[in-house]
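When we follow the numbering used here, the leftmost residue of the sequence shown carries the number 234, and every step to the right adds one.
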Amino acid sequence: MVSRVIPVDPFDLVIFGATGDLARRKILPSLYRRFFGGQVPDEARIIGVARTELNDEQFREQVAEALKEFVDESKQSAEQIAAFLRCLHYVTIDATGETGWETLKALVRPDLVQAFYFSVAPELFGALADRLHNYGIAQADARIVVEKPFGRDLVSARALNDTLAAHFTESQIYRIDHYLGKETVQNLMAVRFANILFEPLWNAQYVDHVQITVAETVGVGGRGAYYDTSGAMRDMVQNHLMQLLCLIAMEPPYHFDPSAVRDEKLKVIRALDPLGPEDIVRGQYVGPNGASYRDDAGNPDSRTESYVALRCHVANWRWKGIPFYLRTGKKLRARTSEIAVVFKEPPHSIFDDATDWRENMLVIRLQPNEGMNLKMMIKEPGPGGMRLVQVPLDMSFADALGEEGADMPDAYERLIMDVIRGNQTLFMRGDEVEAAWAWTDPIIAGWEAAKTRPQPYDAGSSGPEDALMLMHRDGRRWREIRE
Ligand SMILES: NC(=O)c1ccc[n+]([C@@H]2O[C@H](COP(=O)([O-])OP(=O)(O)OC[C@H]3O[C@@H](n4cnc5c(N)ncnc54)[C@H](OP(=O)(O)O)[C@@H]3O)[C@@H](O)[C@H]2O)c1
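The following block contains the structure:
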């Protein structure tokens with residue numbers, strides 16, 4: 234098969250926070266995998282920056298260790314690793330200090346694509362932006378990559394946007410939501426807009442409701458203290474789940490182009506109705522199979538949610554009256570992310586015994602085993618009259634696409650390559666992030682003012698009882714959480 238990997242232009246990528254967890258686990262292994270895949274040219278320079286004193290060789294050794302740990306064995310080629318390590322450099326810099334910047338400037342070539350990845354705490358964004366500008370390091374079209382969390386409310390998100398806007402234009406800023414880099418998430422757009430099949434049904438007339446689930450089996454573990462200041466709403470809903478909701482609910486953009494796609498997503502967020510207390514369930518996991526959330530968070534009085542379920546409405550013509558149920562939580566029964574679009578009953582049943590009838594449903598699995606499953610009714614085979622049975626039309630991308638499907642680049646690989654290519658479609662625009670906070674802020678303020686404790690749920694369960702009731706009251710039920 235002819236390789237469809239198109240090498241990107243030679244580039245210089247500076248990773249601020251290169252000794253940190255994200256760089257070690259995700260950014261550097263992703264860059265190596267793209268190098269191994271033939272997409273990163275040998276002339277590329279990847280320049281690590283942090284306060285720790287290291288020379289190039291020591292940094293390369295650290296990265297070699299990270300690759301051993303985080304790159305699949307099938308891609309561990311001594312020759313390729315050695316060639317990749319030759320692309321690496323390191324400069325010791327304190328973001329808030331004034332030393333090392335000239336050394337960095339000498340390494341970053343002005344005539345190539347330049348990207349600066351801020352893999353550091355957001356409090357350092359301002360210091361970095363100022364110095365990249367003041368030392369004349371970043372060119373006018375340099376890309377700036379920033380990580381979540383992008384603020385913890387509208388005020389702080391605006392402040393971050395303003396900080397970056399002081400030196401960079403919106404077209405230079407790449408706000409990562411790694412969910413958008415997942416193959417299946419992009420496939421949502423392909424399924425909706427490259428097929429005639431679903432779009433005519435994709436509205437309040439034919440869709441009964443939509444369920445979006447992002448379930449994790451892990452607790453808050455080592456990051457308990459940080460998580461306790463955030464919670465599921467800030468950590469997962471405001472970014473990942475709302476992005477998924479946007480892709481499901483948005484109107485067709487006029488073109489698959491960054492501004493067109495992001496304009497449509499923004500309209501969805503702006504059309505979201507405010508939520509009332511009856512639309513929200515918050516939960517906190519409790520043992521006995523492990524420590525409870527409050528132990529993990531080191532806060533016996535914590536009122537932070539490790540689970541949240543919401544019922545939302547997109548107030549526009551297409552979705553009038555159709556609920557979107559969102560849920561996400563930690564220490565749940567299985568690790569799974571999926572979107573289920575549940576269709577309405579046919580208007581009239583011609584079959585006498587309609588009790589076998591089950592709704593048509595399109596399930597898009599984001600993880601594990603990325604793929605799609607369309608549940609349809611057919612006649613149960615064999616004698617016994619016309620009995621109906623629901624069957625899945627199941628497609629796992631790995632099966633359907635063979636080797637290429639099994640070897641899909643992970644979200645970070647795709648997103649970093651998009652940064653180099655200058656394609657912002659899969660990154661959040663500043664106004665999108667602000668609109669998302671503008672919707673979530675009053676919800677969070679409401680429960681902070683009410684001082685209610687989230688409902689306890691057993692670790693390893695499907696979440697709090699009240700979350701089941703949230704749908705039961707509407708005559709619906711959640712899909713089972715399972716891998
Ligand atoms: N880890 C993840 O899975 C993950 C996921 C999503 C988002 N994020 C976000 O990504 C960013 C980085 O996260 P992380 O987990 O990698 O954090 P981390 O492990 O604490 O690493 C922070 C990095 O920043 C460097 N640093 C700290 N202060 C500095 C300063 N004054 N000047 C220059 N470098 C400085 C540190 O190196 P020195 O101490 O050597 O300076 C280290 O390399 C954070 O904003 C985080 O919220 C992380």
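Cβ atoms here follow ideal geometry from the backbone N, Cα and C, with glycine treated the same way.
Note that the coordinates shown come from a computational prediction; the quantities given were computed from them, not determined experimentally.
Where residue i falls, given that 16 or more other Cβ within 10 Å makes a residue buried
i	result
Tyr265	buried
Leu626	exposed
Met234	Reliability of the predicted coordinates at Met234 is poor, the pLDDT of 41 falling under 50, and no value is obtained from them.
Asp468	buried
Tyr459	exposed
Trp550	exposed
Pro687	buried
Ile279	buried
Lys612	exposed
Ile429	exposed
Asp327	exposed
Lys381	buried
Gln291	exposed
Contact check, residue i vs residue j, beta carbons under 7 Å
i	j	result
Gln272	Val247	no
Ile406	Leu397	yes
Asp699	Val519	no
Arg293	Leu337	no
Gly562	Gly696	yes
Pro507	Glu497	no
Leu480	Ile445	no
Leu499	Asp305	no
Pro533	Arg527	yes
Glu716	Pro642	no
Val501	Val547	yes
Ser352	Leu261	no
Ala644	His411	yes
Ala348	Val652	yes
Ala277	Phe244	yes
Helix, strand or coil at residue i [DSSP, three-state]
i	result
Glu613	coil
Pro689	strand
Leu474	helix
Leu430	coil
Cys479	helix
Gln347	strand
Phe401	coil
Met238	Looking at the sequence itself, residue 238 is Val, so the reference to Met does not match. In this structure, Val238 counts as coil in the three-state DSSP scheme.
Val247	strand
Thr220	Examination of residue 220 is not possible in this model, given that the chain is present from 234 through 716 alone.
Val666	helix
Val282	strand
Leu361	helix
Leu261	helix
Tyr540	strand
Leu505	strand
Thr673	helix
Beta-ladder partner(s) of residue i, from DSSP
i	result
Lys608	Met594, Pro625
Tyr407	Val378
Glu571	Thr446, Arg598
Gln517	Pro689
Ser694	Leu565
Tyr526	Its beta-bridge partners do not exist; DSSP assigns none.
Phe557	Val443, Cys545
Met661	Arg408
Gly531	Paired residue(s): none; Gly531 is not in a bridge.
Phe576	Val440
Length of the line joining the Cα atoms of residue i and residue j
i	j	result
Gln471	Ala683	20 Å
Thr685	Ile555	28 Å
Gly523	Glu713	22 Å
Glu578	Phe584	13 Å
Met619	Trp590	12 Å
Phe358	Ala465	24 Å
Glu356	Gly679	27 Å
Ile409	Ile649	9 Å
Ala437	Lys564	34 Å
Ala423	Trp672	28 Å
Glu681	Glu538	11 Å
Arg267	Tyr323	20 Å
His488	Ile677	35 Å
Asn606	Asn288	51 Å
Ala315	Val575	50 Å
Trp435	Ala668	24 Å
Asp529	Met702	27 Å
Ile572	Glu484	18 Å
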